[in-house]
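Here the structure comes first, spelled out in structure tokens, and everything after it is commentary.
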């Protein structure tokens, strides 16, 4: 099973230049070793809809609803894909087989107070609607300032 290590969904450093350099180094290393690049495995998009709502879309071509498992426990979102192995027919001769049936596991550390409102699979894209419920005591409070210089 391919396992991509856990990472924060909302990293403190979001430098696209650094991200692009990592992607370039990953592709170069893959060309030298013949291994598939990590960055090509189940890419994802993250869109911020407002202060409390996000949308995560993961590319999962060839997977059906039954092949995917999405769970949230202790602020950790886990997405796993499992496909049954294809029956090998000895009479078939493959010229090229680039579409691999593989298992995968992705993990995102979302933190506390997170709910997954909806999960939808369409056209090979798994879309999750994420909501952060900020408790009242953690919300910023406006403090009224009293002016003592004004005399009544």
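Residue numbers (full-length UniProt numbering): 1 to 152. Cβ coordinates follow ideal geometry from the N, Cα and C atoms, glycine included.
#1: If you draw a straight line from the alpha carbon of residue 132 to that of residue 64, how long is it in whole angstroms?
#2: To test your reading of the DSSP string, which unbroken beta strand (DSSP E) runs of 3 or more residues are found completely within the UniProt domain "SHSP" (35-148)?
#3: In chain order, what residues of the same chain lie with their CB nearer than 7 Å to the CB of residue 87, ignoring the 5 residues before and after it?
#4: Please return the same chain residues whose Cβ sits closer than 6 Å to the Cβ of residue 118, not counting the five positions on each side in sequence.
#5: Looking at C-alpha atoms only, which residue of 144, 126, 150 and 148 is the closest neighbour of residue 81?
#6: Please indicate yes or no: does the CB of residue 61 lie closer than 6 Å to some heavy atom of the ligand FMN?
#7: Would you report the Cα separation of residue 49 and residue 103, rounded to the nearest angstrom?
#8: Report buried or exposed for residue 95, applying the criterion of at least 16 other Cβ atoms within 10 angstroms of its Cβ.
This is what the structure gives:
#1: 28 Å
#2: 44-48, 53-59, 68-73, 76-81, 104-109, 114-122 and 125-132
#3: none
#4: 129
#5: 126
#6: Looking for the ligand FMN in the displayed structure turns up nothing, as the structure carries no ligands at all.
#7: 30 Å
#8: exposed
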